[in-house]
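Going by the numbering used here, the first residue of the sequence shown is number 162, and it counts up by one from there.
C-beta atoms are modelled at their ideal positions from N, C-alpha and C, and glycine is treated no differently.
Right, one structure below, let's go through it.
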Amino acid sequence: MERTLAIIKPDAVARRLVGKIIGRIEEAGFRIRAMRRVNLSKGDAEGFYAVHRERPFFASLTDFMSSGPAIVMVLEAPDGIKKWRALMGATDPAVADAGTLRKDFAESIERNATHGSDAPDTAAYEIGYFFAGIDLT
Ligand code: UDP
Ligand code: MG
Numbered sequence: 162m163e164r165t166l167a168i169i170k171p172d173a174v175a176r177r178l179v180g181k182i183i184g185r186i187e188e189a190g191f192r193i194r195a196m197r198r199v200n201l202s203k204g205d206a207e208g209f210y211a212v213h214r215e216r217p218f219f220a221s222l223t224d225f226m227s228s229g230p231a232i233v234m235v236l237e238a239p240d241g242i243k244k245w246r247a248l249m250g251a252t253d254p255a256v257a258d259a260g261t262l263r264k265d266f267a268e269s270i271e272r273n274a275t276h277g278s279d280a281p282d283t284a285a286y287e288i289g290y291f292f293a294g295i296d297l298t
């Protein structure tokens with residue numbers, strides 16, 4: 162089993178897509194090991210996306226991520242990191258495969274409905290960012 166950090170981003174929460182997205186997560190066979198609703202400050206979003214701080218989209222991305230509530234989750238499945246990224250689809254919904262969450266629910270490359278960790282080290286950092294000290298067994 163492998164854990165990953167998933168976020169239902171503020172665009173999808175505002176559009177009341179939480180239930181649909183969680184339904185797709187369960188249908189795909191993930192276990193939800195932890196879940197909560199967060200209101201990220203600008204600083205929280207900057208810390209979470211620190212690896213992107215030199216990128217041209219950083220200011221806009223962190224404004225967006227702190228614009229309203231989001232749902233953060235720890236998902237678990239065999240090969241869970243890759244499996245969750247496959248269910249999400251490509252970052253840009255214009256090129257995301259049919260049947261992926263971003264194809265079905267994203268509004269744009271920025272407002273793209275979901276987040277997923279991209280590797281074991283980032284998953285560990287991101288899970289700790291939101292669920293530090295919480296017993297996930
Ligand atoms: N993003 C953006 N413009 C871009 C690339 C990314 O606004 O050209 C945003 C988008 O919300 C994306 C996030 O920044 O999900 C993090 O980018 P990353 O390349 O890590 O994509 P992801 O891992 O989320 O697919
Ligand atoms: Mg990423």
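Near the ligand UDP: residue i beta-carbon under 7 Å from a heavy atom
| i | result |
| --- | --- |
| Asp-279 | yes |
| Glu-268 | no |
| Leu-343 | A query on residue 343 cannot be resolved here, the shown segment of the chain reaching from 162 to 298 and no further. |
| Glu-271 | yes |
| Leu-236 | no |
| Thr-283 | no |
| Phe-218 | yes |
| Leu-335 | Residue 335 is absent from the structure shown; the chain starts at 162 and stops at 298. |
| Thr-298 | no |
Run of the beta strand (DSSP E) containing residue i, from where it starts to where it stops
| i | result |
| --- | --- |
| Ala-195 | 192–199 |
| Ala-189 | Taken as a continuous stretch (DSSP letters only), Ala-189 belongs to no beta strand (DSSP E), as it is neither H nor E. |
| Leu-236 | 231–238 |
| Leu-166 | 163–169 |
Cβ shell of residue i (< 6 Å), same chain only, five flanking positions each side left out
| i | result |
| --- | --- |
| Lys-244 | Ala-238 |
| Ala-267 | Pro-254, Asn-273, Ala-274 |
Cut-off 7 Å between Cβ atoms - residues of its own chain near residue i, not counting five sequence neighbours on either side
| i | result |
| --- | --- |
| Val-235 | Arg-164, Leu-166, Arg-194, Ala-195, Ile-288, Phe-292, Leu-297 |
Inter-residue CB distance, residue i and residue j (contact presumed, cutoff 8 Å)
| i | j | result |
| --- | --- | --- |
| Leu-262 | Ile-182 | 6 Å |
| Ala-231 | Lys-170 | 6 Å |
| His-213 | Leu-222 | 7 Å |
Boundaries (first-last residue) of the alpha helix (DSSP H) holding residue i
| i | result |
| --- | --- |
| Glu-268 | Unbroken run through Glu-268: none, as it is neither H nor E. |
| Thr-223 | 219–226 |
| Glu-207 | 203–209 |
| Val-212 | Premise fails: Val-212 is in no alpha helix (DSSP H) and is neither H nor E. |
Which residue spans inside the region 245–295 form an unbroken alpha helix (DSSP H) run of at least 4?
Runs found: 262–266, 281–292.
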